[in-house]
Amino acid sequence: MSTVETKIRRTNTTSGGNNTGGDNYNRGGGDEGNNSGSNDGSQTEQPKKHKTSPMLFLTFAMIPIAIFFAAIVFVYLAHEMRNGWTPIAMPAAVLASTLVLIISSVTLEMARKALKAKLLEDFKRWVMVSTFLGITFFTTQLIAWKQLMAKGVYIEAINPHATFFYILTAAHGLHLFGGLIGLSYVLFGAMYYRFSADRRNAVDVTTTYWHFMDGLWIFLFLLLFVWK
Amino acid sequence: MRKYLFSLDHKVVGLQYYLLALTALIVAVSLSVLMRLRLTWPEDVWPLFSKLLPSAFNNAGQMTPDFYLALMTMHGTIMIFFVLTIAPQAAFGNYFLPLQIGANQMAAPRLGQTSFWITTLAFCILITAFFVAGGAPLAGWTAYPPLSIISSGTGHARGMDLWLISLAVFSIAAILNSLNFMVTILEHRTSGMQLMRMPLTCWGWMATAMISLLAFPVLLAAGLLLLLDRLIGTDFFTPNGMIVNGQIIDLRQGIPILWQHLFWFFGHPEVYLAILPGMGVVSHILATFSRKPVFGYRTMVWATLAIALLGFLVWGHHMFVAGISPYLSMTFSFLTLTIAIPSAIKTLNWLGTMWGGKIRLATPMLYAIGFVSLFVTGGLGGIFLGQSSLDIYLHDTYFVVGHFHLIMGSAAVFAIFAATAFWFPKVFGRQMNEDLGKVHFFLTFIGVYAIFLPMHFLGIAGNPRRYAEISQFIYLNQLQPLHKFITIAMLITVNAQLLFFINLITSTFAGKKVNENPWQATTLEWTVTSPPPKDNFSEPPNVCRGAYDFSLPDAAQDFLMQTQADSMVAEDKPVEPK
């Protein structure tokens, strides 16, 4: 059993992109030795020093991302306090997309729970639902942009609030796209039953990142449309 | 191709970074030579050079003041980002961090390789700025708006955009590289290598990685916002009522000073990012060549972390003349001066390390002592500048130029020299030429003092910085001889660097062959062959002691490798608390 898993892990290591997210998934299964601690055979095969936990990478990756947004929010607050502005009316699509993203976080968590409970079919189903919701979020955000543009509100508009709306949604979308790449990787793995209760680093990392992006979006949503 | 260009071996990545930094260093220093020549002999014509870059010269063949500012901008940018940020951290760190903590590779080898190539891309983008319409940007390495927002004219057009793109790309690479460093240090230490047993070099790299993760995202965000201001006409930083080419740009609502806050929130930690790995290397070398443990290892670690933390609280001292509230200035003054405490701790510990030691004055040691000297001299200038009342007078003068070139430029470069001479035997199995190294050290050491110390006096005399020539100002005319002296000293010093390069190249092929531990150092990299084998350690080393067990009273020899178990040393009482 363990040799089969090792083989799969090796094939995983050779694939994958090079963005921060991608690199985490490349090493999916890295701390397998920890989870199957009783299995001495796999431990000697894999020396202790090659252990790299993708979760730690993610933890450190989230710090600069959070600070990146904090810097933009700092500019936002400074502008708001100095000049004030009339906020743009919230496009209806934004509310929809927010709900979709929150639900997707929940379904992804369900997927992770299912995997932990070794319900592989359930896991697959929940991942599919989450991926679908993730893509829906992107679509609704684009619709929101369209709705605004239809009203003649552009990024270089006189209203700085609109500018910030475009910048923040774009930056968030770009970062969430990394999460979507991770999610498709998980989906692909789920289709071919590559994950198991012991092998779920990629799932854990993607889920955590997705929650992080979800929380970030809720914060941005509150900042843009609730906090005046 | 796979073996050298895109190798996943951390040692190759380290060497690649080092070569990139050396290339950048040569470019940046050449630019500063051009600046000094223009400043000292403004009337001179440049027949050959003006054919190469016609836009930089007027009809008479003299260099335009605009081009002087472009040189200044590019010199600063290249030095700070592509030399001082990558050489101490990415170059030496990638090579020696895994070796020193007993790992076979970095946590994510592919990530390390990727960040190197992204950095190279950023460098190419930056150099391209010289050759696009409008030429290189002239807004300084700080790129203050509104000057940096103007989007047409010499030094304001595409070059400025490329500058911003280059820095954004560089930031991403720096963040990726730092991620790799953090995870490597936290997870890939070999058994027995507790954090408090790590060499101080590793602490320097770790503190630097932390700083990068917190500072570079801010530069990235600010740079992208400024780029949007320039490209699609948003107004984050564009003020109302700016006059460009005689036309008023109105109906804008941007706040230019926000850029200064964001930039210096990144920019001040950036200074420590350049110096902290150097401090680590210097501590390491001073202990090795004094044959004594580092004095106060723990305080050194905490001072390193304190400097890293305080670096984030002092950005306002770059903005005393930007019209910020005097109360805010006072706070920043106070916080700035508190940095003198960990800095003084470090300096005294360095002296304490050397005190009473059996000092071996090999070249790495000379460079390290040079670092301490430059750090103290430069740091004392900082105490003047940290006080807002004095800074208001000195801020836009040569005092600042002299100050940061001593502490950040020269000191950090001396740390690079020290590290090069120290680790050269490990990388190539050959030693650098000691005689050549000593001549180079003394010429450079005296040289940088001759260049940058007089600049303090220029500043006190009121000579403004960033001016392409001073012959138009009567009160500055009497300072021209001093400028001439600085330029001549600079030309001599720059030429002395040829010795370093000759030494580097000849020693690579014909240096004296040495064994794997020529300096009789204690850390793990000296336990493997020189050059280290591809996978570093055939089996994970087991660390039994701290990094600086020199001259223990009961030990048979005056140094104990970190792998040496206590049972092998008769009645050994470690000096360092474990």
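Residue numbers (the working numbering), protein chains in the order written: chain L, 1 to 228; chain P, 1 to 578. Note that beta-carbon positions come from the ideal geometry of N, C-alpha and C, so glycine has one too.
Other residues of its chain near residue i: CB distance less than 7 Å, five sequence neighbours each side excluded
i, result
"serine 551(P)", "Arg291, Lys292 and Asp558"
"asparagine 463(P)", "Thr397, Tyr398, Ile470, Leu476 and Leu479"
"tryptophan 355(P)", "none"
"leucine 58(L)", "Asn24, Val205, Thr208 and Tyr209"
"valine 376(P)", "Thr347"
Reduced DSSP category for residue i - H, G, I as helix; E, B as strand; rest coil
i, result
"glutamine 431(P)", "strand"
"proline 277(P)", "helix"
"glutamine 247(P)", "strand"
"glutamate 45(L)", "Any reading at glutamate 45(L) needs caution, since the residue's pLDDT is 37, under 50, leaving its predicted position unreliable; the model's value is listed next. Reduced to three states, the DSSP call for glutamate 45(L) is helix."
"proline 109(P)", "helix"
"methionine 63(P)", "strand"
"phenylalanine 559(P)", "strand"
"threonine 397(P)", "strand"
"lysine 3(P)", "coil"
"proline 42(P)", "coil"
"proline 540(P)", "coil"
"proline 64(L)", "helix"
"proline 464(P)", "strand"
Chain-order list of residues whose beta-carbon lies under 8 Å from that of residue i (same chain, five-residue window excluded)
i, result
"valine 153(L)", "Ile88, Asn159 and Ala162"
"threonine 563(P)", "Leu524, Thr527, Pro541, Asn542, Val543 and Cys544"
"phenylalanine 165(L)", "Ile88, Leu148 and Leu224"
"leucine 390(P)", "Phe384"
"arginine 197(P)", "Val543, Arg545, Gly546, Ala547, Gln562 and Lys578"
8 Å Cβ cutoff, residue i in contact with chain P
i, result
"asparagine 201(L)", "no"
"proline 91(L)", "no"
"histidine 79(L)", "yes"
"alanine 150(L)", "no"
"valine 153(L)", "no"
"phenylalanine 60(L)", "yes"
"arginine 82(L)", "yes"
"threonine 169(L)", "no"
"valine 75(L)", "yes"
"phenylalanine 212(L)", "no"
"threonine 206(L)", "no"
"tyrosine 216(L)", "The sequence given here places leucine at residue 216(L); tyrosine does not occur at that position. No - not a single Cβ of chain P is within 8 Å of the one on leucine 216(L)."
Min CB distance residue i to chain L below 8 Å
i, result
"glycine 233(P)", "yes"
"valine 29(P)", "no"
"leucine 313(P)", "no"
"glutamine 253(P)", "yes"
"methionine 72(P)", "no"
"valine 13(P)", "no"
"isoleucine 175(P)", "yes"
"leucine 225(P)", "yes"
"proline 217(P)", "yes"
"leucine 453(P)", "no"
"phenylalanine 170(P)", "no"
"alanine 221(P)", "yes"
"phenylalanine 6(P)", "no"
Close-in-space but distant-in-sequence residues of the same chain around residue i (CB under 6 Å, 5 per side omitted)
i, result
"leucine 108(L)", "Ser130, Thr207 and Trp210"
"leucine 69(P)", "Leu138"
"serine 115(P)", "Ala173, Leu176 and Asn177"
"threonine 136(L)", "Val100"
"threonine 299(P)", "Ile345"
"leucine 579(P)", "Residue 579(P) cannot be examined here, being either before or after the span of chain P that is shown, 1 to 578."
"leucine 195(P)", "none"
Beta carbon proximity, residue i to chain A, threshold 8 Å
i, result
"proline 87(L)", "Among the chains of the structure shown, chain A does not appear; the protein chains present are L and P."
For this session: State whether the region 197–207 of chain L contacts the region 74–89 of chain P, with contact taken as three or more CB pairs (one from each stretch) at a distance under 8 Å.
Result: No contact exists between the region 197–207 of chain L and the region 74–89 of chain P.
Exercise. Taking a cut of 8 Å between CB atoms, which residues from the region 107–124 of chain P lie near chain L?
Worked result: Under the 8 Å Cβ criterion, the region 107–124 of chain P contributes Ala107, Ala108, Arg110, Leu111 and Thr114.
Exercise. Got a sec: which bits of the region 97–129 of chain L sit with their beta carbon under 7 Å from any beta carbon on chain P, in order along the chain?
Worked result: Of all residues in the region 97–129 of chain L, none is placed with a Cβ closer than 7 Å to any Cβ belonging to chain P.
For this session: Compile a chain-ordered list of the residues in the region 522–553 of chain P whose CB is closer than 9 Å to at least one CB of chain L.
Result: Among the residues of the region 522–553 of chain P, those with a Cβ less than 9 Å away from any Cβ of chain L are Phe537, Glu539 and Pro540, in the order of the chain.
For this session: With 7 Å as the limit, tell me which residues of the region 180–214 of chain P have their beta carbon closer than that to any beta carbon of chain L; keep them in chain order.
Result: Result list: Met182, Val183, Leu186, Glu187, His188, Thr190, Leu213 and Leu214.
Exercise. For the region 148–166 of chain P against the region 112–132 of chain P, are there 3 or more C-beta pairs whose distance is under 8 Å?
Worked result: Between the region 148–166 of chain P and the region 112–132 of chain P, the count of Cβ pairs shorter than 8 Å is three or higher; the stretches touch.
For this session: Decide yes or no for the touch test of the region 31–43 of chain P against the region 489–508 of chain P: beta carbon pairs closer than 8 Å, at least 3 of them.
Result: In short, these stretches touch, since the Cβ pair count reaches three.
For this session: Mind checking the region 173–201 of chain L against chain P and listing, in chain order, the residues whose C-beta falls within less than 8 Å of any C-beta there?
Result: From the region 173–201 of chain L, no residue has a Cβ closer than 8 Å to chain P.
Problem set entry | Interfacial residues, the region 62–73 of chain L to chain P, with Cβ spacing under 9 Å | Per Cβ criterion, the list reads Ile63, Pro64, Ile65, Ala66, Ile67, Phe68, Phe69, Ala70, Ala71 and Ile72.
Exercise. Pairing CB atoms from the region 277–297 of chain P with CB atoms from the region 413–421 of chain P, are three or more of them under 8 Å?
Worked result: Touching, per the Cβ criterion.
For this session: Note down, in chain order, all residues in the region 255–268 of chain P with a beta-carbon under 7 Å from any beta-carbon belonging to chain L.
Result: Listed by position, the residues of the region 255–268 of chain P near chain L (Cβ gap below 7 Å) are Ile255, Leu258 and Leu262.
Problem set entry | chain L contacts made by the region 315–344 of chain P, where a contact means CB separation under 8 Å | Within the region 315–344 of chain P, no residue has its Cβ closer than 8 Å to any Cβ of chain L.
Problem set entry | Interface positions of the region 62–93 of chain P facing chain L (Cβ-Cβ less than 8 Å), listed along the chain | Against chain L - using a Cβ distance shorter than 8 Å - the region 62–93 of chain P contributes no residues.
For this session: Scan the region 234–245 of chain P for residues whose Cβ lies nearer than 9 Å to a Cβ of chain L and list them as they occur along the chain.
Result: Listed by position along the chain: Thr234, Asp235, Phe236 and Phe237.
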